[in-house]
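Participant:
2 protein chains.
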Amino acid sequence: MAEDHEVVVFGVWGSAYSRRVETALKLKGVPYKYIEEDLSKKSPSLLKYNPIHKKIPVLVHNGKPIVESLVILEYIDETWQGGYPLLMPKDPYQRALARFWTKFIDDKCVPAILNAFRGEEQEREKAGEELAELLKLLEKELEEKRFFGGENIGMVDIAANVIGFSLGAFEEASGVKLMTREKFPKLCNWRDEFMSNSAAIKENIGPSREKFISFLRNYLRNK
Amino acid sequence: MAEDHEVVVFGVWGSAYSRRVETALKLKGVPYKYIEEDLSKKSPSLLKYNPIHKKIPVLVHNGKPIVESLVILEYIDETWQGGYPLLMPKDPYQRALARFWTKFIDDKCVPAILNAFRGEEQEREKAGEELAELLKLLEKELEEKRFFGGENIGMVDIAANVIGFSLGAFEEASGVKLMTREKFPKLCNWRDEFMSNSAAIKENIGPSREKFISFLRNYLRNK
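Below, the structure is given as structure tokens:
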């Protein structure tokens, strides 16, 4: 049984939230069993481990479930130390900033991306402009850093996979380019670095990119 | 100047989020300067310290701003250790659970409370039923514990001030009782313990209760 594994991840292939959990585990070198969920027919295990939200991703560690991708990331960071630099900074102020930006990405950027590509046609342009304002803030936050986490991929970088991966896939599927190199040179460099950084990222994001774009293309066409 | 103080809190008297920050500082015994904001005319300081969200509460520590009440609470816990037990548990799994429940309170319970009392009249009953389902989950989580944090008020208790304080004020102002002792005996006991627990809580929540109820009564009447 899958549950016999020490670490199990319940996810969905196209979910950026699932990918965050896998990215963190891979960076940390933690072996795990991945279980693909069918959200139209949720498994008894998913309902057992996440009875409140009934959502992926779920990390099950020694039989104990943890849910919500950002909560899972902090759990992974606190549980498996060593091997890879900590995903969270050590300084309390820097930790607060990391939590601020991950929340900013989830509460502000994710809805803006969805509205800009999946919203009603007449609202998409405005949503795109709003997204551009948010991206400007991330562009500024990057400053001269290689990653949001500094020299290494950290918590904010992993959360920003919705910018580093999903946004680009939406752009490619729709033919609408919002994060141009001209307007967002630092974010674009960051994306290149992030996407090509390590086997943990490449193996985790790379292979499903074409499948995801094809899925989105079909989805946007039939909307 | 207020900014000369080591610790400054920008808040609004009726905001449960502001009260969270003050509760944590008081429990920890951290002296601070409180600045009441007028949200209809935000101060240059607020806009300077929280240029992205332009919201209260903001904690400014040695000139550095921290925003988002849950982020501030973790910052306070990590920065001022000793004096009062840690607000967050030490065990990574228990920490993940605490983060899960604080997020549950903000993402699920807060909108449900607002909808149940401030929503369109025909939607309030349904919202009240949804809120009752959420309260059942909190009732179950409390089990036989005195506080969500165990023997002491912790992170989840402070976040649950929206249940411990705000919900009761809405109930009293509207005359609609949702969290009855019959249905939620543990949550009601917890609320009594929480509200009367220590000077940190009482001084911080007590004095403005009547003012808040009066404000809500007026607000609901003129809605």
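Residue numbers (the UniProt record's numbering), protein chains in the order written: chain S, 1 to 223; chain G, 1 to 223.
C-beta: ideal position from N, C-alpha, C; glycine also.
Measure from the C-beta of G/TYR17 to each C-beta in chain S and report whether the shortest distance is under 8 Å.
Facilitator: No, no contact with chain S.
Participant: Contact criterion: CB-CB distance below 8 Å. Does S/GLU78 meet it with respect to chain G?
Facilitator: Chain G contact via Cβ: present.
Participant: With a CB to CB cut of under 6 Å and the five nearest residues on each side skipped, what residues in its chain are close to G/ALA160?
Facilitator: Excluding residues within five positions, the ones whose Cβ falls inside 6 Å are ILE105.
Participant: State the Cα-Cα distance for the pair G/PHE165 and G/ARG191, rounded to the nearest angstrom.
Facilitator: Each residue's alpha carbon lies about 8 Å from the other.
Participant: Using a Cβ-Cβ cutoff of less than 7 Å, which residues in the same chain neighbour S/LYS188 once the five nearest sequence positions on both sides are dropped?
Facilitator: Here the sequence assigns Cys to residue 188 of chain S, which means Lys is not the residue at that position. Contacts found: MET179 and ARG181.
Participant: Closest Cβ-Cβ distance between G/LYS186 and chain S: below 8 Å?
Facilitator: Cβ-Cβ to chain S under 8 Å: no for G/LYS186.
Participant: Below 6 Å CB to CB, which residues in the same chain sit around G/PHE117 once its five sequence neighbours on both sides are set aside?
Facilitator: Once the five neighbours on either side are set aside, the close Cβ partners of G/PHE117 are PHE170 and SER174.
Participant: Using a Cβ-Cβ cut-off of less than 9 Å, give me the residues of the region 140-158 of chain S that come near chain G, in sequence order.
Facilitator: Listed in sequence order: no entries.
Participant: Just tell me which of S/ILE56, S/ILE52, S/LYS26 and S/VAL30 has its CA closest to the CA of S/SER40.
Facilitator: Comparing Cα-Cα distances from S/SER40 to each of S/ILE56, S/ILE52, S/LYS26 and S/VAL30, the minimum goes to S/ILE56.
Participant: What residue range does the beta strand (DSSP E) around S/PRO65 cover?
Facilitator: 64-67 is the span of the beta strand (DSSP E), which, as asked, contains S/PRO65.
Participant: At a Cβ threshold of 8 Å, is G/ALA96 touching chain S?
Facilitator: True, the Cβ-Cβ gap to chain S drops below 8 Å.
Participant: Please report the straight-line C-alpha distance between S/ARG95 and G/LYS54, rounded to a whole angstrom.
Facilitator: Between S/ARG95 and G/LYS54, the C-alpha separation is close to 21 Å.
Participant: Which residues mark the beginning and the end of the alpha helix (DSSP H) in which G/LEU142 is found?
Facilitator: 121-142 is the extent of the alpha helix (DSSP H) around G/LEU142.
Participant: Indicate whether G/ILE153 and G/PHE215 have their beta-carbon atoms separated by less than 8 Å.
Facilitator: No, Cβ-Cβ distance for G/ILE153 and G/PHE215 is not below 8 Å.
Participant: 8 Å is my cut-off, CB to CB: does S/PRO57 come that close to chain G?
Facilitator: No - not a single Cβ of chain G is within 8 Å of the one on S/PRO57.
Participant: Return the first residue and the last residue of the beta strand (DSSP E) that G/GLY11 is part of.
Facilitator: Its beta strand (DSSP E) spans residues 7-11.
Participant: Could you tell me whether the Cβ of G/GLY206 comes closer than 8 Å to any Cβ of chain S?
Facilitator: With a pLDDT of 49 at G/GLY206, under the threshold of 50, the predicted position of this residue should be treated as unreliable, though the coordinate-derived value follows. Not an interface residue.
Participant: With three or more beta-carbon pairs closer than 8 Å as the criterion, would you say the region 71-85 of chain G touches the region 31-40 of chain G?
Facilitator: Too few Cβ pairs lie closer than 8 Å, so no.
Participant: Can you say whether G/LEU47 is buried or exposed, counting buried as having 16 or more other CB atoms within 10 angstroms of its CB?
Facilitator: It counts as exposed.
Participant: In the DSSP assignment, find the unbroken alpha helix (DSSP H) run with S/TYR17 in it and report its ends.
Facilitator: From DSSP, the alpha helix (DSSP H) with S/TYR17 extends over 16-28.
Participant: With DSSP run on the structure shown, which of helix, strand or coil describes S/PHE212?
Facilitator: Helix.
Participant: Cβ of S/PRO92 within 8 Å of Cβ of G/GLU78?
Facilitator: Their beta carbons are under 8 Å apart, which means S/PRO92 touches G/GLU78 by this criterion.
Participant: Starting from G/VAL71, find everything on chain S with Cβ-Cβ shorter than 8 Å and list it in chain order.
Facilitator: ALA96, ARG99, PHE100 and LYS103, listed in chain order.
Participant: Here's the rule: buried if 16 or more other CB atoms are within 10 angstroms of the residue's CB, otherwise exposed. What is G/ILE52?
Facilitator: So G/ILE52 counts as exposed.
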